[in-house]
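The sequence shown maps to residues -16 to -1, 1 to 575 in mature numbering (1 follows the signal peptide of the UniProt record, and there is no 0).
Just so you know, even glycine gets a beta-carbon here, dropped at the ideal spot from N, CA and C.
Given the structure is predicted, the values throughout are model-derived calculations rather than measurements.
Working notes, beginning with the structure itself.
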Amino acid sequence: MLLTFLLITSIQLMYCKVILRPTVELDWWQNAIVYEIFPLSFKDSDGDGSGDFKGITQKLDYLVDIGVTAIWLTPFFESPLESGGYDITNYQEVHHVFGTIDDLKDLLNSAHSKNLKVIMDFVPNHTSDKHIWFKRSVNNETHYADYYIWKDAKNQEEVIKNNSITPIVPNNWQTMYGNSSSWVWHNTRKQFYYTQFIYNLPDLNFRNKKVHEEMKNILNYWIEFGIDGIRIDALKHVYECESLEDEPILNNNNPVFDYSSLDHIYTADQVEVYDLIKEWRLLLDEFKQKDHHTRIIMTESYSNHSVLYNYYTSGAEVPTNFNLMNDSSNYTPKDFDREIENWITKMPFGATFNSVLQNHDTPRFPTFYGKELIDGLNALSLFLPGVSIVLYGGEIGMENIPDKTNRARGPMQWDDTKYAGFTDGTNEPWVAVHPDYVTRNVQSESYDPKSYLNFFKSVSKLRQTETFKRGGLATDIFNDNKVFVLNRFLQGHENYTLIINMDTNYTQRVRLSDKISNLCDSLTVVVGSVNSNFDTGKSILTAEWIDLSPGATIILTEKTETGSTQSSGTQLFITLKALLLCLFFIKICNI
């Protein structure tokens, strides 16, 4: 039994934990770098101060150059733009600020010609209160009367008789923003409508089959248009419990009664959402049967693991994993290691891992972790297996702007000219550019071999190797939870080791041979972070101490001979296994 186990084990370095084994051939999305673009902020082509489709098209070569394989566009639909474009008034029209439908078609065609896929935000939970559906629903028009969730006041009869009486809300449900009831009284219809987020975003009623059909028609339209996938916004909130019971109050000593005061057992993660994913999966697969091209479903839900694993089995390829995204500097190597292992070891068989460390709703890296870990966190996102979801500007280390609502949505910093090259200067950008654009921009960083941008490009390039496409993952922790070490391995190909000093205050000394066995004597630096003092090509002896400055990151690989992809240690393992194989067959023959 022991001999048999040794013979079938994948050849790899001996790390503390191996949490993912090598996999088979992949579909286009399974090793993708998905680059999130907030269209208003990426590139303005016409000088009006707002980003647009043509601006994105102009920068596609840049995206290819840094290793991006898919772009995710946040909402570009017709909208009053009161809530970042997530307040939609027409799902099948584009907002004029971004250009025309022909401009969008040109963007898709150009992207596809460069082998870039395009994913769009799909917002089924709510519309703008200025949507024609809502206006007709307010007027109680027969077809649209139940497109939204309408309920009488608890004291409905009294209110109808006397307008001066304040309507009493149906229950204690709260909005996520604004510390207010989820129920908004509409004086025209004389009923409350329900909103999960804010008053101008009324929730659609997915218990109405007509709403289902509307959404399927919208999806069908955009897939026929050429979209390669959807990212479903706010999926956990699409259904609410029909009984309208009060949600349990949590004993959290919160002085203000708000969303965090309740246990959301009736307004989030209702089981009906799984059938909804299946319904949309079937629709997308109808297109795949015709052209053999996978259209993916990404989801946005800040839900627990068990819910997100059910998203996988319901048909979502990428239930976005927010567990690595933390809004404090307290996350340690053990925290990252725990979340990575939990997801990988518990996700359904055949599922693909994904990671996101920042997005348009959360602070950018430097805000909580500091500038020292910009390269380290970018490397972590790109080094992990599966789908890496990155935010525009993260590759150059962009920071938050001083705008509470749009903190992570500042204009892309292209060069050191006025307004960072985002716009030509005819009009000011729709939101202020970060003042550090003079030194932190694509142009200046592209010329500096030791920059965030060139570090990002070096790591993203590794994702095209077979080791990164199909290889396994092992992890280890050094120096009393200060240094995080990850290894990507694949038999017959080079191993790669990522070392991140997550201590941003002190230099950490590590000696790899202390905890990792079967290493070859010397490793070669693939790339070092801006603050690492390690240059590409430098040899490092694994038995010697490595000094990592605060926040420093390096990626190492085995030094190989021409035509060889195995270290001396691995070659020794192969020889040993060959001997064991001979002994095994000798044993069989003697029985």
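- For Pro303, which of helix, strand or coil comes out of DSSP? The residue you call residue 303 lines up with position 319 of the sequence shown. Strand, per DSSP.
- Message: Looking at Arg393: is its Cβ nearer than 7 Å to the Cβ of Ser25?
- Response: As a first step, residue 393 is located in the sequence shown; it is residue number 409 there, counting from the start. As a first step, residue 25 is located in the sequence shown; it is residue number 41 there, counting from the start. Yes.
- Task: Report yes if the CB atom of Asp11 is closer than 7 Å to the CB atom of Thr278, and no otherwise.
- Result: The residue given as residue 11 occupies position 27 in the sequence shown. The residue given as residue 278 occupies position 294 in the sequence shown. Yes, the pair counts as a contact, with Cβ atoms nearer than the cut-off.
- Query: Rounded to a whole number of angstroms, what is the C-alpha to C-alpha distance between Phe320 and Gln342?
  - Reply: Position 336 of the sequence shown, counting from 1, holds the residue named residue 320. Position 358 of the sequence shown, counting from 1, holds the residue named residue 342. Rounded to whole angstroms, Phe320 to Gln342 spans 14 Å at the Cα level.
- Own chain residues within Cβ distance below 8 Å of His79, not counting five before or after: Here residue 79 corresponds to residue number 95 of the sequence shown, with the count starting at 1. Phe60, Phe61, Glu62, Ser63, Leu65 and Gly69, listed in sequence order.
- Query: Would you call the CB atoms of Pro154 and Phe82 closer than 7 Å?
  - Reply: Start at 1 with the first residue of the sequence shown, and residue 154 comes out as number 170. Start at 1 with the first residue of the sequence shown, and residue 82 comes out as number 98. No. Outside cutoff.
- Give the single residue among Trp117, Asp136 and Lys135 whose Cα lies nearest to the Cα of Tyr128. For the purposes of this step, residue 128 is taken as the residue at position 144 of the sequence shown. Nearest of Trp117, Asp136 and Lys135 to Tyr128, Cα basis: Trp117.
- Query: What's the C-alpha gap between Trp134 and Thr150?
  - Reply: Taking the sequence shown and counting its residues from 1, one reaches residue 134 at position 150. Taking the sequence shown and counting its residues from 1, one reaches residue 150 at position 166. Those two C-alpha atoms are separated by around 17 Å.
- Query: Candidates Thr41, Ser166, Arg447 and Thr172: which alpha carbon is nearest residue 576's?
  - Reply: No statement about residue 576 is possible, as the shown extent of the chain runs from -16 to 575 and does not include it.
- Message: Can you confirm whether Ser112, when its beta carbon is compared against all beta carbons of chain D, has any partner nearer than 7 Å?
- Response: Although the question refers to chain D, the structure presented lacks it and comprises just one protein chain.
- Given a threshold of 16 other Cβ atoms within 10 Å of its Cβ, counted over all protein chains shown, does Glu291 qualify as buried or as exposed? Position 307 of the sequence shown holds residue 291. Reading off the sequence, residue 291 comes out as Val, not Glu. So Val291 counts as buried.
- Rounded to the nearest angstrom, how far is the Cβ of Asn438 from that of Asp399, given a contact under 8 Å? For the purposes of this step, residue 438 is taken as the residue at position 454 of the sequence shown. For the purposes of this step, residue 399 is taken as the residue at position 415 of the sequence shown. Their Cβ separation, rounded to whole angstroms, is 16 Å, which puts Asn438 and Asp399 out of contact at 8 Å.
- Item | Proximity of Glu429 and Ile380 at Cβ, strictly below 7 Å | Here residue 429 refers to the residue found at position 445 of the sequence shown. Here residue 380 refers to the residue found at position 396 of the sequence shown. Their beta carbons are under 7 Å apart, which means Glu429 touches Ile380 by this criterion.
- Give me the Cα-Cα distance between Val504 and Leu361, rounded to the nearest whole angstrom. Here residue 504 refers to the residue found at position 520 of the sequence shown. Here residue 361 refers to the residue found at position 377 of the sequence shown. Per the sequence shown, the amino acid found at residue 504 is Cys instead of Val. Just so you know, the alpha carbons of Cys504 and Leu361 end up roughly 27 Å apart.
- Message: Please classify Ile233 as buried or exposed, where buried requires at least 16 other C-beta atoms within 10 Å of its C-beta.
- Response: Residue 233 sits at position 249 when you count from the first residue of the sequence shown. Exposed.
- Item | Neighbour-count burial assignment, Thr481, 16 or more Cβ in a 10 Å radius | Against the sequence shown, residue 481 aligns to sequence position 497. By the neighbour-count rule (16 or more Cβ atoms within 10 Å), Thr481 is buried.
- Beta carbon of Asn163, beta carbon of Val240: below 7 Å? For the purposes of this step, residue 163 is taken as the residue at position 179 of the sequence shown. For the purposes of this step, residue 240 is taken as the residue at position 256 of the sequence shown. Yes. Within cutoff.
- Task: Assuming Ala54 and Ile21 form a contact by the criterion Cβ under 8 Å, report the distance between their Cβ atoms to the nearest whole angstrom.
- Result: Taking the first residue of the sequence shown as 1, we reach residue 54 at position 70. Taking the first residue of the sequence shown as 1, we reach residue 21 at position 37. In fact, because the Cβ distance is near 11 Å, the residues do not count as touching under 8 Å.
- Query: For Lys101, which of helix, strand or coil comes out of DSSP?
  - Reply: Residue 101 sits at position 117 when you count from the first residue of the sequence shown. In the structure shown, Lys101 sits in a strand (DSSP, three-state: E or B).
- Task: Classify Leu4 as helix, strand or coil using the three-state DSSP reduction.
- Result: Reading the sequence shown from its first residue, position 20 is the one you call residue 4. Three-state DSSP puts Leu4 in a strand.
- Could you give the residue range of the alpha helix (DSSP H) that holds Ser428? Against the sequence shown, residue 428 aligns to sequence position 444. Per DSSP, Ser428 belongs to the alpha helix (DSSP H) from Val426 to Tyr431.
- Cα separation between Lys138 and Ile214? The sequence position of residue 138 within the sequence shown is 154, counting from 1. The sequence position of residue 214 within the sequence shown is 230, counting from 1. Each residue's Cα considered, the two are about 39 Å apart.
- Residue of Arg472, Arg447 and Asn485 minimising C-alpha distance to Ile461: Position 477 of the sequence shown, counted from the start, is the residue given in the question as residue 461. Residue Asn485 is the option with its Cα nearest to Ile461.
- Message: Tell me the residue span of the alpha helix (DSSP H) that contains Met199.
- Response: Counted from its first residue, the sequence shown places residue 199 at position 215. From DSSP, the alpha helix (DSSP H) with Met199 extends over Lys193 to Phe209.
- Query: DSSP on Arg265, reduced to helix/strand/coil?
  - Reply: For this step, residue 265 is matched to residue 281 along the sequence shown. Per DSSP, reduced to three states, the secondary structure at Arg265 is helical.
- Query: Taking all protein chains shown into account, do 16 or more other C-beta atoms lie within 10 angstroms of the C-beta of Ala527, making it buried, or fewer, making it exposed?
  - Reply: Within the sequence shown, the letter at position 543 stands for residue 527. Exposed, since its Cβ has fewer than 16 Cβ neighbours within 10 Å.
- Query: Can you tell me where the beta strand (DSSP E) with Thr541 in it begins and where it stops?
  - Reply: Here the question's residue 541 lines up with position 557 in the sequence shown. Here the beta strand (DSSP E) through Thr541 covers Thr537 to Glu542.
- Message: For a quick check, are the C-beta atoms of Val222 and Phe271 less than 7 Å apart?
- Response: Numbered from its first residue, the sequence shown carries residue 222 at position 238. Numbered from its first residue, the sequence shown carries residue 271 at position 287. Not closer than 7 Å, so no.
- At what residues does the beta strand (DSSP E) containing His221 begin and finish? Here residue 221 corresponds to residue number 237 of the sequence shown, with the count starting at 1. Segment: none, His221 is in no beta strand (DSSP E) and carries neither H nor E.
- Query: Nearest CA to the CA of Gly521: which residue from Leu532, Asn515, Val514 and Val509?
  - Reply: To locate residue 521, count along the sequence shown from 1; it is residue 537. The option with the nearest alpha carbon to Gly521 is Val509.
- Would Asn305 be called buried (16 or more neighbouring beta carbons within 10 Å of its own) or exposed? One-based indexing of the sequence shown puts residue 305 at position 321. Under this definition Asn305 is a buried residue.
- Task: May I have the straight-line CA-CA distance separating Gln550 from Gly476, to the nearest angstrom?
- Result: If you number the sequence shown from 1, residue 550 lands on position 566. If you number the sequence shown from 1, residue 476 lands on position 492. Summary for Gln550: the model assigns pLDDT 37, below 50, so the residue's position carries little reliability, and this model does not support an answer.
- Query: DSSP state of Asn485, grouped into three classes?
  - Reply: Taking the sequence shown and counting its residues from 1, the one referred to as residue 485 is at position 501. Residue state, collapsed to three classes: strand.
- Determine the closest residue to Ser97 out of Thr58, Arg120, Asp217 and Thr41, with distance taken between C-alpha atoms. The residue labelled residue 97 in the question sits at position 113 within the sequence shown. Comparing Cα-Cα distances from Ser97 to each of Thr58, Arg120, Asp217 and Thr41, the minimum goes to Thr41.
- Query: Cα-Cα, which of Tyr75, Asp212 and Leu91 is closest to His115?
  - Reply: Taking the first residue of the sequence shown as position 1, residue 115 is located at position 131. Comparing Cα positions, the closest option is Tyr75.
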